[in-house]
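Colleague: If you're matching them up, the sequences are chains A and B in order.
Note that the first sequence covers residues 15 to 253 in the numbering used here.
Note that the second sequence covers residues 540 to 781 in the numbering used here.
Below are the structure tokens for one structure; questions will follow.
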Amino acid sequence: MSRGKQLVKDKSIVVPGEVVAEGKDFILGPGVRREGNQIVASRVGLIHFEGKLIKLIALSGRYIPRRDDVIIGRIKEILINGWLVDTESAYPAMLNVRDAVTEYVAKGSDLTRFFDFNDYIVCKIINVTPQMLVDVTTKGPGLKKLIGGRIIKVNPNKVPRIIGKKGSMLNMIKQATGCNIIVGQNGVIWIKSTDPKMELIAVNTIKTIEEESHVPGLTEKIHAYLEKETGKKIKLQKE
Amino acid sequence: MKKSFKRPDGRAYDEIRPIKAEVGVVSRADGSARFQIGKTVAYAAVYGPRSLYPKFLQNPKHGLLRCYYNMLPFSSKGERIRPGPSRRAMEISLVTEKALTPAIDLTKYPNAVVDVFIELPQTDAGTRCAGITAAAMALADAGIVMYDLVSAVAVGYVNGNLIADLIYDEEAYPGEVADIPVAYMPRRDKFSLLQMDGKVSSEQLQKALELAKKVCLQICDIQRKALKRRYEKYKLMENMEG
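What follows is the structure, given as structure tokens:
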């Protein structure tokens with residue numbers, strides 16, 4: 015078999031329809047498609063060549079539900095045997111009673127005693143069908159109803175940046191502001207604190223990360239920002 | 540009957556008007572673009588994929604693309620345009636939809652809709668082409684899964700002379716005029732829009748389409764550059780996944 019040929023530089027921006035490589039010996043990751051002998055980008059993004067693997071990291075677009083994602087959803091409808099959850103995407107998720115509570119619930123009984131309209135919940139996507147029917151559960155560590163606090167929404171493509179490598183960025187914000195923060199993969203973030211001032215600092219920090227996600231050395235910059243705003247010394251985690 | 544014809548703005552026959560393209564101009568939209576060709580300006584804003592109602596419009600096999608073409612009241616050279624959908628605007632919305640659909644992988648968005656809004660604040664012919672070109676950039680900006688970009692241009696004949704990118708004064712020229720708006724997918728080498736106004740022979744049409752291809756490749760290059768300019772800064776971003 016002939017050796018594949020890479021046609022664009024690693025870590026370059028590609029647009030839909032751009033031929034990124036030629037040859038049959040590549041493994042395709044997300045965002046790229048094979049057409050005959052050519053490998054074509056199917057959306058705007060940052061291309062990564064990792065050995066034989068080609069993957070495209072999306073930089074824009076709405077959230078698309080994926081299995082095993084932990085998201086923050088809003089109860090938008092109550093059905094006969096569960097809830098319909100708004101996921102900030104084109105597809106609402108179904109939360110079945112048996113995926114939500116351990117006790118026996120008689121069919122047709124009032125479900126608002128568990129989750130009411132407009133309650134926010136942390137849930138995990140257990141299944142996504144090809145028709146984009148989404149099932150979520152609230153059974154599991156850290157999955158629960160959110161009480162109090164505030165909700166902010168960010169671009170879901172920036173979520174990995176807000177969390178940081180192994181949670182480094184998020185831990186730094188939590189440590190500096192003392193806030194309780196939960197980040198959903200769908201770009202919904204819940205922040206709760208007893209100190210409204212710290213809550214505001216956390217919100218501003220997250221907004222800054224969202225806007226400046228591309229800046230090299232962002233962790234140091236955010237570290238300096240947090241120290242200045244909170245007036246506390248914060249330990250900088252080594253990655 | 541080939542009579543000599545001098546273009547009112549002094550362009551060469553196969554020369555297009557100066558183009559400005561920018562991506563990410565509407566902050567509340569999921570994707571947006573501004574495309575200016577000469578005096579024609581088109582804004583496109585994309586929302587979605589989002590849930591589709593009324594429910595009977597939903598299709599579990601593939602998503603839906605909806606386009607709205609709108610000329611603003613003060614946009615034209617002549618009389619004020621009455622706001623709201625007219626017969627003409629509805630037709631152009633439809634052909635825009637048909638021109639863009641083959642470039643998009645709608646099977647990725649079952650039961651959902653992608654809405655495209657095209658607004659024209661200033662026009663000097665070639666509005667549907669400018670709209671389609673802007674919409675293709677906006678769709679890419681919105682992260683929609685696409686097979687290819689779409690570039691569009693009008694070509695035509697004035698007194699038997701093949702010209703590219705007609706302006707209003709050429710469309711309304713008192714002579715024999717044929718106007719052919721074309722949308723083209725450059726990598727797939729396929730046309731997705733072909734309309735015609737006027738009289739041309741089949742050889743003339745072939746020649747016109749060859750010119751349209753050539754010009755669309757120039758426009759596509761500008762589209763790609765505009766998209767890359769918008770995302771260039773993310774090049775330095777480190778990989779956080781995996």
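The beta carbon of each residue, even a glycine, is placed where N, CA and C say it ideally should be.
#1: Taking the C-alpha atoms as reference points, what is the distance between R17 (chain A) and K38 (chain A)?
#2: Can you check whether the CB of I89 (chain A) is closer than 8 Å to the CB of D124 (chain A)?
#3: Which parts of the stretch 660–739 of chain B are runs of the alpha helix (DSSP H), unbroken and 4 residues or longer, counting only runs that do not cross its ends?
#4: Need the endpoints of the beta strand (DSSP E) that H237 (chain A) sits in, please.
#5: Mind pulling the chain B residues with CB within less than 9 Å of M186 (chain A)?
#6: Beta-carbon of L214 (chain A) versus every beta-carbon of chain B: anything under 8 Å?
#7: Going by alpha carbons, who is nearest to K647 (chain B) out of A:G156, A:P79, A:D100, A:W97?
#8: Out of A:L160, A:I248, A:K69, A:K188, point me to the one whose CA is closest to N132 (chain A)'s CA.
#9: So, under 8 Å CB-CB, G163 (chain A) and K206 (chain A) are touching, yes? Tell me the CB distance rounded to an integer number of Å.
#10: By DSSP, does P641 (chain B) sit in helix, in strand, or in coil?
#11: Against L701 (chain B), what residues of chain A qualify as contacts under a CB-to-CB distance less than 8 Å, listed in chain order?
#12: Which word fits G563 (chain B), buried or exposed, when buried means at least 16 other C-beta atoms lie within 10 angstroms of its C-beta?
#13: With a threshold of 8 Å between beta-carbons, can R57 (chain A) be considered close to chain B, or not?
#14: When burial is assigned at 16 or more other CB atoms within 10 Å of the CB, is Q762 (chain B) buried or exposed?
#15: Spell out whether any CB of chain A is found under 8 Å from the CB atom of Y773 (chain B).
#16: If we ignore side chains and look at the alpha-carbon of each, how far apart do E630 (chain B) and A583 (chain B) end up?
#17: M146 (chain A) CB to nearest chain B CB: under 8 Å?
#18: Is the number of C-beta pairs between the stretch 582–598 of chain B and the stretch 554–573 of chain B that are closer than 8 Å three or more?
#19: Quick check on the burial criterion: 16 or more other C-beta atoms within 10 angstroms. Buried or exposed for Q745 (chain B)?
#20: Mind checking the stretch 624–639 of chain B against chain A and listing, in chain order, the residues whose C-beta falls within less than 9 Å of any C-beta there?
#21: Suppose contacts are defined by Cβ-Cβ distances below 8 Å. Is P713 (chain B) in contact with L688 (chain B) by that definition?
#22: Name, please, each residue of chain A whose Cβ falls closer than 8 Å to the Cβ of M735 (chain B).
#23: Would you mind reading off the limits of the alpha helix (DSSP H) that contains L756 (chain B)?
#24: Buried or exposed, going by whether 16 or more other CB atoms sit within 10 Å of the CB of G781 (chain B)?
#25: Going by other Cβ atoms of all chains shown within 10 Å of its Cβ, with 16 needed for buried, is P720 (chain B) buried or exposed?
#26: I need the straight-line Cα distance from M183 (chain A) to A674 (chain B), nearest angstrom please.
#27: Determine, using beta carbons only, whether V22 (chain A) comes closer than 8 Å to chain B.
#28: Quick one: give me the first and last residue of the alpha helix (DSSP H) that S182 (chain A) is part of.
#29: So, do the stretch 147–158 of chain A and the stretch 604–612 of chain B have three or more beta carbon pairs nearer to each other than 8 Å?
#30: Which residues of chain B have a Cβ atom closer than 8 Å to the Cβ of A72 (chain A), listed in chain order?
#31: What residues from the stretch 60–86 of chain A come within 9 Å of chain B, judged by C-beta to C-beta, listed N to C?
#32: Buried or exposed for K545 (chain B), going by 16 or more other Cβ atoms inside 10 Å?
#33: Report all residues from its chain with a CB closer than 8 Å to the CB of V739 (chain B); omit the five preceding and five following residues, and keep chain order.
#34: Under 7 Å Cβ-Cβ, which residues of chain A neighbour D687 (chain B)?
#35: Which runs of the alpha helix (DSSP H) spanning at least 4 residues fall entirely within the stretch 44–83 of chain A, listed in chain order?
#36: Using DSSP with H/G/I as helix, E/B as strand and the rest coil, what is V150 (chain A)?
Modeller: This is what the structure holds:
#1: 8 Å
#2: no
#3: If we require 4 residues or more, the alpha helix (DSSP H) runs fully inside the stretch 660–739 of chain B come out as 666–680, 707–710.
#4: It is not in any beta strand (DSSP E) - H237 (chain A) instead sits in the alpha helix (DSSP H) that spans 232–244.
#5: Ordered by position in chain B, no residue passes the 9 Å Cβ test against M186 (chain A), which lies about 15 Å from the chain.
#6: Taking Cβ atoms only, chain B never reaches closer than 8 Å to L214 (chain A), which makes this a no.
#7: A:P79
#8: Ranking A:L160, A:I248, A:K69, A:K188 by Cα distance to N132 (chain A) puts A:L160 first.
#9: 3 Å
#10: P641 (chain B) falls in the helix class under three-state DSSP.
#11: What L701 (chain B) touches in chain A: nothing, since even the nearest Cβ is about 27 Å away.
#12: buried
#13: yes
#14: buried
#15: yes
#16: 17 Å
#17: yes
#18: yes
#19: exposed
#20: Listed by position, the residues of the stretch 624–639 of chain B near chain A (Cβ gap below 9 Å) amount to none.
#21: No. Outside cutoff.
#22: Ordered by position in chain A, no residue passes the 8 Å Cβ test against M735 (chain B), which lies about 26 Å from the chain.
#23: 741–770
#24: Unreliable positioning characterises G781 (chain B) in this predicted model, as indicated by a pLDDT of 39, which lies under 50. A coordinate reading is not provided.
#25: When all chains shown are included, P720 (chain B) counts as buried.
#26: 37 Å
#27: With 8 Å as the cut-off, V22 (chain A) does not count as an interface residue toward chain B.
#28: Here the alpha helix (DSSP H) through S182 (chain A) covers 182–191.
#29: no
#30: Within chain B, the residues near A72 (chain A) are G682.
#31: L60, H62, E64, K69, I71, A72, L73, S74, G75, R76, I78
#32: exposed
#33: These residues qualify, in order along the chain: Y696, A717, I719, A747.
#34: P30, G31
#35: none
#36: strand
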